[in-house]
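This report refers to the structure that appears directly beneath it.
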Amino acid sequence: MSGHSKWSSIKHKKGAADAKRGKLFSKLARAIIVAARDGGGDIDGNPTLATAVQKAKDASMPKENIQRAIDRGTGASADAAAIEQVQFEGYGPGGAAILVDTLTDNRNRTTADVRLAFTKHNGSLGEPGSVAWIFEKRGAIAVDGSRYGEDDLIAAIDAGAEDVREDGDELRVLCPPTDLGAVREALEAAGVEIGSAEVTMEPKSTVEVDKSDARALLALLDALEDHDDVSEVHANFDIPEEVMAEIVA
C-alpha cells in the first residue's frame, strides 16, 4: 500500500471535517482568487481556475462562494494582490521528500511556521530545488479499486490518460494536467464514480518508512495540512500495509 495514496485518503476524510469549520472553504477560495487573478475569470480559458473551481464543487462549496472568489480575483482587490504562491521543500522522518505549496499574504510568517513544523516533527526544511526533482506535475483521478477494474477505465485512455496504477484500494488514473478535465468527463460519461480529481505533484519514486518514523511523518504532514496558508502537501513515502493499518486504526 502506498503511504502517499493513503495520506490522500486521510486528507479527503479530514477535509470533510475541515469543511464544517470553514477552513477548507477558506483555502479553496484563496486558490480560486489567485487562479482568477493570474489567468482571468473565464473557466474555459483558464485551466488552473477550472481545476480550482472543480475542487471546490467536489467539496460542496456553495456556488455563490465560488463566484465571489472569482470576482475578488478578477477585480484585483487588495487581498487578492497580497496573496503570493510560495513552495517549500524538505525532508521528513525516514527520509521522505516533502513539497509544501502555500498561498500567503505574509511570506516571513509562513516561512517561520513551516520551518517550525519541520523542526518540531523531526524533519528538516531544505533549499529550493532540493526535492522538487523527485516530483512531476500530473493530473490524478482516484476511483474505487474494489468497484472498478482497468477495463472500466478505457474511456480515460481514449481521453488522454497516460497510466493507470493500482495503489492499495484505489486505482489512480494519471494524465497531463491540461487533460484532467477531459479525462474526468470521459470517466463520468462511462458511468465511473470519481473519488477525487486533482492536479498534484506525483512522486517519481517512493521511500519505505518504518513504524517509528511513520508516526512522526504523519504528524508532520498533519501539522502542515492544518496550517491556514498551506494549500497542498505532497510526499513520496511508502508505508507497509500492516503498519499503516495499525497507525490509522
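Adding 2 to a residue's 1-based position in the sequence shown gives its number in the numbering used here.
From the three backbone atoms N, C-alpha and C, an ideal C-beta is built for every residue, glycine too.
- In this model, D171 and S148 are separated by some 7 Å (Cα to Cα).
- Residue state for P95 is assigned as helix, using DSSP reduced to three classes.
- DSSP places T208 outside both helix and strand once states are collapsed to three, so it counts as coil.
- Between the C-alpha atoms of K206 and F239 there is a straight-line separation of about 11 Å.
- When L105, A142, V209 are compared, the shortest CA-CA separation from L226 is found for L105.
- Note that the C-beta distance between R167 and L155 is not below 8 Å.
- With contacts defined as CB atoms closer than 8 Å, I249 and A221 fail to qualify as a contacting pair.
- When only Cα atoms are considered, R109 and I34 end up about 19 Å apart.
- Annotation: the continuous beta strand (DSSP E) that includes S233 extends over 232 to 237.
- Of the residues V201, M246, G96, K65, the one whose Cα lies closest to the Cα of H236 is V201.
- In the three-state reduction of the DSSP assignment, G193 falls in the coil class.
- Here the alpha carbon of E204 sits roughly 22 Å from the alpha carbon of V36.
- Annotation for E168: the continuous beta strand (DSSP E) segment containing it runs 165 to 169.
- Per DSSP, E66 is one residue of the alpha helix (DSSP H) stretching across 65 to 76.
- A Cβ-Cβ contact shorter than 8 Å links A31 with A71.
- The three-state secondary structure of I45, taken from DSSP, is helix.
- In the three-state DSSP reduction, G141 falls in the strand class (E or B).
- Each of E210, A247, S233, H229 was checked against the Cα of L118, and the nearest Cα belongs to H229.
- Taking a C-beta distance under 8 Å as the contact criterion, E91 and S132 qualify as a contact pair.
- A direct Cα-to-Cα measurement between G47 and V185 gives close to 17 Å.
- Excluding five sequence positions before and after E164, the CB atoms of its chain that fall closer than 6 Å to its own CB belong to L176, C177, given in chain order.
- Between A38 and T76, the C-beta gap is smaller than 8 Å, which places the two residues in contact.
- A distance below 6 Å between beta-carbons, with the five flanking residues on each side excluded, links T112 to the following residues of its chain, in chain order: T104, T106, D231.
- Going by C-alpha positions, G97 is about 17 Å away from V116.
- Between V102 and Q89, the gap from beta carbon to beta carbon is short of 8 Å.
- For the 8 Å CB-CB criterion, A218 and P95 form a contact.
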